[in-house]
Each structure stands twice: as structure tokens, then as C-alpha cells.
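Before any comments, here is the structure.
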Amino acid sequence: MSEMLSEAALDQLFRSARTFNAWLPKEVSDQQLHELYELAKFGPTSANSSPMRVVFVKSKEAKATLSPFLSEGNRAKTMAAPVTAIVATDHEFYEKLPQLFPHADARSWFAGNQPLIDTTAFRNGSLQGAYLIMAARSIGLDCGPMSGFDNAGVDAAFFAGTTIKSNFLINIGYGDASRDLFPRSPRLSFDEACRIA
2 MSEMLSEAAL DQLFRSARTF NAWLPKEVSD QQLHELYELA KFGPTSANSS PMRVVFVKSK
62 EAKATLSPFL SEGNRAKTMA APVTAIVATD HEFYEKLPQL FPHADARSWF AGNQPLIDTT
122 AFRNGSLQGA YLIMAARSIG LDCGPMSGFD NAGVDAAFFA GTTIKSNFLI NIGYGDASRD
182 LFPRSPRLSF DEACRIA
């Protein structure tokens, strides 16, 4: 049986973690990006489908490519972030199921069933994006997840000729708590959001 994480770990992952809008001028290494993916990939997905695909936008050239597709309110903070992850979903994820789910013919469950492909891809790709946020926090990085961009433009610029479509963006780095950090917004209580049946 697993043991409960320490209070400090729970704070880092959940209670004290925030969505950052300003960033310290500190690099995020390629090794750190590998490390956070190596953690995030272990989060569960249905039939181990693993449809998330990620482009970690780091270079000035890649940032310049991304910039025109950002909403005005997201541009400055994204350009200042050390890394912006384009969290995307491969809508032909099922082609990898013989590798990822070898004990059943899971590919046949999806091939030709576009509604099932789309809902499975979106649900599980979004789950994996959340795992990516938690993995980043677990290795000491801060995140600023967001929508507010032109998905079609990003798809044309970064995923042309593929079956991959962007879902959301995550700015990643070391958050600057002294700038543009809003007070924590309220959350629903257990009784407002949950019931035990």
C-alpha cells in the first residue's frame, strides 16, 4: 500500500501551486523536459491509448512562430516563459495500440469509429495534459496553463500534414510570485461539487 505524501509535497502539487503569469529569467533544460514527460507518461489513459503529443516551444524561432496565434492577453507572458508546451492530441492514436495495449486487438475498437476516436482522444489527451502539469510541479517547475489561442493556426504551423490537433498551452518555468499573481480564486466545497451515493 502506498503511503500518503508529505504535507510539503501536497502543498507543492496542489495547495500552494498557482497558475503563473510572470516568469523569472531562469532556463528550463531539455533534461528537465525529458524528466517531466517520463513522469507524466505513467498517468492512466483508457486502453493505455496515450494520445497526447507535445511540442515544447523553447527557441526564439519557435516562439516567433507561435506568437501570432496567441490572444493579445496571452502573448507577453507566453513570450517571456522559458518554455511553452503545446499540448496536442493525435487522432490516430489507435495505430499505436498494438504496441501500447498488446494483450487485445484494441485498434479494432477504434478504427473507423470517428465519434469514439474523437471522444477518446480528447478525454485522454486532456487527462495527460493535466498529468504533465503535475509532473512539472513535482520536479520544481511552475505552470501557466491556458487556452486563448488560434488552434487552427497552431495546428497549421506545428502539426501540418498530421492527424495531431492542439488542445491547450502550458507555460512552464520558474514563476515570479512578485508580478501578476492574482489572489487565489475560490473553489467549490465538497458539498457543492460532490455527493456520496
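Residue numbers (the numbering used here): 2 to 198. Using N, Cα and C, we set each Cβ at its ideal position, and we do this for glycine too. Keep in mind that this is a model prediction, so the values were computed, not measured.
Residues bridged to residue i [DSSP beta-bridge criterion]
{"i": "residue 167", "result": "89"}
{"i": "residue 143", "result": "174"}
{"i": "residue 71", "result": "150"}
{"i": "residue 20", "result": "144"}
Three-state secondary structure assigned by DSSP to residue i
{"i": "residue 120", "result": "helix"}
{"i": "residue 5", "result": "coil"}
{"i": "residue 66", "result": "helix"}
{"i": "residue 155", "result": "helix"}
Residue from the options with nearest C-alpha to residue i
{"i": "residue 80", "options": "87, 65 and 93", "result": "65"}
{"i": "residue 25", "options": "149, 124 and 84", "result": "84"}
{"i": "residue 10", "options": "197, 167 and 136", "result": "136"}
{"i": "residue 86", "options": "192, 8, 22 and 146", "result": "146"}
{"i": "residue 63", "options": "179, 163, 191 and 155", "result": "155"}
{"i": "residue 82", "options": "89, 68 and 93", "result": "68"}
{"i": "residue 77", "options": "181, 162 and 114", "result": "181"}
{"i": "residue 185", "options": "127, 8, 61 and 16", "result": "16"}
{"i": "residue 60", "options": "31, 73, 70 and 35", "result": "31"}
{"i": "residue 150", "options": "72, 54 and 20", "result": "72"}
{"i": "residue 178", "options": "43, 192, 161 and 142", "result": "142"}
{"i": "residue 128", "options": "196, 21 and 54", "result": "54"}
Cβ-Cβ separation, residue j to residue i (assumed contact under 8 angstroms), whole Å
{"i": "residue 117", "j": "residue 108", "result": "So it is not a contact: roughly 12 angstroms between Cβ atoms."}
{"i": "residue 91", "j": "residue 45", "result": "Their Cβ separation, rounded to whole angstroms, is 18 angstroms, which puts residue 91 and residue 45 out of contact at 8 angstroms."}
{"i": "residue 174", "j": "residue 29", "result": "6 angstroms"}
{"i": "residue 47", "j": "residue 152", "result": "With a Cβ gap of about 23 angstroms, residue 47 and residue 152 do not count as contacting."}
{"i": "residue 160", "j": "residue 88", "result": "Actually they do not touch by this definition, with Cβ atoms about 12 angstroms apart."}
{"i": "residue 18", "j": "residue 132", "result": "Their Cβ separation, rounded to whole angstroms, is 14 angstroms, which puts residue 18 and residue 132 out of contact at 8 angstroms."}
{"i": "residue 111", "j": "residue 120", "result": "Not really, about 10 angstroms apart at Cβ, beyond 8 angstroms."}
- Task: List in chain order: all unbroken alpha helix (DSSP H) runs of 4+ residues lying wholly within the region 28–56.
- Result: 31–41
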